[in-house]
Amino acid sequence: MAVLSLIFLEVIAPLLLLLGVGVILQRKFSLHLGTLSKLLTYCFLPVNGFINMYQSSMPIAVFGQIILFLLIFTMFSISFTEITSRLLKLDRGIAATYKNSVVLMNSGNYGIPVSQLVFQSNPLGVSIQLIVMVFQNLLTFTYGLYNMVSVKSQGNAILKELIRLPMIYAIILGVLCAALHVKIPNLLWNPIQSIADAFLAVALITLGAQVAQIKLVKPHVVLYLSTASRLLIGPSAALGIIFLLGLDGTVAQSLFIASSFPTSRNSSIFALEYNNNPDLAAQTVLVTTIISSITVTIVVYVAGVLFG
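Under our numbering, think of the first position of the sequence shown as 5, with each following residue one higher.
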């Protein structure tokens, strides 16, 4: 219990405090979330991604293990939600919202800060989370978007959206610079480091501002199903896959933690854009984010015991 309390105070509590700052600022000043989102997507995240990949050393074999895990974990999540939706005879709209709430995780402005706090002296742990985030971005604008638009053809729009993501290029550049032992001059390194240092606070304040806009309404039964699937069944399945693949050390620890994060805000954005149960989607983001303060604490502890 003492260890769990320590993890909560050192990892989750700082996260919640910054989330609270975001909530307060949003309610007092109505921050422009579009601007904050663009800052994160086109500045803070790419720079943070570059610096972590540049400072870490990731063998090809480790990269292959990560991708294999993500493919198996994603296939499990998709299959599980598909079977559950059919068994419960959910209508098409509710089913799409449920599937996205489980398959799409907040690996960016929640997952990266948590990983930075857990792996403060281990760049490999953060680098793994960055790969998970890129994978989740690809999943979001393919599977997640398809769920919402259903039979509509959005192939070109999806491809253009993926090509525009600077995070992909930043990670590739970071890997190349590290592999080629490129020395970055202080003239560039100092501002890069400053931007990376600011990422954690900006990401969490932005998430807090987004949470502040979510309105609670009467809970739908699928809300409970989504929360349990994302925060309990997801990490449990991930642990089983980790043991199945024989992963250990930082790789296993980081992937297990990465599987425990709450529902992605993109699931709510898609639901709002396509008018598909937006209240349910927003509630799921809010509830899973709040409850994850407990479940993620437990997962971080278990990951440390099993793989630390």
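For glycine and all other residues, C-beta sits at the position ideal for the given N, C-alpha and C.
(request) Tell me whether the beta-carbon of A202 lies closer than 9 Å to the beta-carbon of L40. (result) Walking along the sequence shown from the start, residue 202 turns up at place 198. Walking along the sequence shown from the start, residue 40 turns up at place 36. No, Cβ-Cβ distance for A202 and L40 is not below 9 Å.
(request) Would you grab the beta carbon distance between F328 and L249 for me? Rounded to a whole angstrom, and I think it's under 8 Å. (result) Nothing about residue 328 can be read from this structure; the chain reaches only from 5 to 312.
(request) Give the straight-line distance between the Cα atoms of K156 and V309, rounded to the nearest whole angstrom. (result) In the sequence shown, counting from the first residue as 1, residue 156 sits at position 152. In the sequence shown, counting from the first residue as 1, residue 309 sits at position 305. Confidence in K156 is poor, its pLDDT being 41 and thus under 50, which makes the residue's placement unreliable; the coordinate value appears in the next sentence. Computed Cα separation, rounded: 47 Å.
(request) Within the segment 218-242, note down every full alpha helix (DSSP H) run reaching 4 residues or more, in order along the chain. (result) 225-232
(message) Assuming F12 is part of the alpha helix (DSSP H), what are its boundary residues?
(response) Indexing the sequence shown from 1 puts residue 12 at position 8. It is not in any alpha helix (DSSP H) - F12 carries neither H nor E in the DSSP assignment.
(message) Whole angstroms are fine: how far does the CA of K222 sit from the CA of A262?
(response) Residue mapping note: residue 262 aligns to position 258 of the sequence shown, counting from 1. Residue mapping note: residue 222 aligns to position 218 of the sequence shown, counting from 1. Those two C-alpha atoms are separated by around 30 Å.
(message) Within 10 Å of its beta-carbon, does R234 have 16 or more other beta-carbons around it, so buried, or fewer, so exposed?
(response) One-based indexing of the sequence shown puts residue 234 at position 230. When all chains shown are included, R234 counts as buried.
(message) Count Cβ pairs between the segment 101-118 and the segment 66-85 that sit closer than 8 Å; are there 3 or more?
(response) yes
(message) Threshold first: 4 residues or longer. Then list the alpha helix (DSSP H) segments lying entirely within the segment 45-98, N to C.
(response) 49-59, 64-91
(request) Give every residue of the same chain whose Cβ lies closer than 6 Å to the Cβ of K103, excluding the five residues on either side of it in the sequence, and list them in chain order. (result) Counting from one through the sequence shown, the residue named residue 103 turns up at place 99. Result list for K103: T85, N151, in chain order.
(request) Go ahead and label I298 buried or exposed: buried means 16 or more other beta carbons lie within 10 angstroms of its beta carbon, across all protein chains shown. (result) Taking the first residue of the sequence shown as 1, we reach residue 298 at position 294. With fewer than 16 other Cβ atoms within 10 Å, it is exposed.
(message) Please classify G68 as buried or exposed, where buried requires at least 16 neighbouring CB atoms within 10 angstroms.
(response) Taking the first residue of the sequence shown as position 1, residue 68 is located at position 64. With fewer than 16 Cβ atoms within 10 Å of its Cβ, G68 is classed as exposed.
(request) Please go through the same chain and pick out, in chain order, the residues whose beta-carbon is closer than 6 Å to the beta-carbon of A174, but skip the five residues on each side of it. (result) Looking up residue 174 in the sequence shown gives position 170. Taken in chain order, the residues that qualify are P50, G53, F54.
(message) Assuming the contact rule is C-beta atoms closer than 8 Å, I218 and L290 should be a hit. Round their C-beta distance to whole Å, please.
(response) Residue numbering aside, residue 218 sits at position 214 when the sequence shown is read from its first letter. Residue numbering aside, residue 290 sits at position 286 when the sequence shown is read from its first letter. I218 to L290, Cβ: 4 Å. Contact.
(request) Look at the alpha carbon of Q124 and the alpha carbon of I98, and state the distance between them as a whole number of angstroms. (result) Against the sequence shown, residue 124 aligns to sequence position 120. Against the sequence shown, residue 98 aligns to sequence position 94. C-alpha separation (whole angstroms): 40 Å.
(request) Within the same chain, show all residues whose beta-carbon is closer than 6 Å to that of I11, passing over the 5 residues directly before and after it, in chain order. (result) Taking the first residue of the sequence shown as position 1, residue 11 is located at position 7. Cβ neighbours of I11 beyond the five flanking positions: T301, V304, Y305.
(request) Just the C-alpha distance for C181 and I188, rounded to the nearest angstrom, thanks. (result) Along the sequence shown, read from residue 1 onward, the residue named residue 181 stands at position 177. Along the sequence shown, read from residue 1 onward, the residue named residue 188 stands at position 184. Cα to Cα, the separation comes out at about 9 Å.
(request) Grab me the residues of G253's own chain with a C-beta within less than 8 Å of its C-beta, minus the 5 sequence neighbours each way, in chain order. (result) Numbered from 1 along the sequence shown, position 249 holds the residue referred to as residue 253. Same-chain partners within the cutoff: F311.
(request) Using the Cα positions of S198 and L29, report the straight-line distance between them to the nearest angstrom. (result) Residue numbering aside, residue 198 sits at position 194 when the sequence shown is read from its first letter. Residue numbering aside, residue 29 sits at position 25 when the sequence shown is read from its first letter. Straight-line measurement puts the Cα of L29 at about 23 Å from the Cα of S198.
(request) Name the one or two DSSP bridge partners that T267 has. (result) Position 263 of the sequence shown, counted from the start, is the residue given in the question as residue 267. M109.
(message) One question on the structure: do P282 and A275 come within less than 9 Å of each other, judged by their Cβ atoms?
(response) Numbered from its first residue, the sequence shown carries residue 282 at position 278. Numbered from its first residue, the sequence shown carries residue 275 at position 271. Result yes, Cβ atoms of P282 and A275 sit closer than 9 Å.
(message) Short of 6 Å in beta carbon distance, which residues of its chain neighbour R269, apart from the five on each side in sequence? Order them along the chain.
(response) As a working note, residue 269 is residue 265 in the sequence shown. Counting only Cβ-Cβ distances below 6 Å, and skipping sequence neighbours, we find Q214, V289.
(request) Look up V300 in the DSSP assignment and say whether it is helix, strand or coil. (result) Stepping through the sequence shown from its first residue, residue 300 is reached at position 296. Residue state, collapsed to three classes: helix.
(request) Measuring alpha carbon to alpha carbon, tell me which of Q257, A285, T210 ends up nearest Y329. (result) A query on residue 329 cannot be resolved here, the shown segment of the chain reaching from 5 to 312 and no further.
(request) Determine the extent of the alpha helix (DSSP H) in which R31 is found, giving its start and end residues. (result) The residue given as residue 31 occupies position 27 in the sequence shown. Taken as a continuous stretch (DSSP letters only), the alpha helix (DSSP H) holding R31 covers 17-33.
(request) Using alpha carbons as the reference points, say which of F139, K42, A207, I196 lies closest to V25. (result) As a position in the sequence shown, residue 25 is number 21, starting the count at 1. Ranking the options by Cα distance to V25, first place goes to A207.
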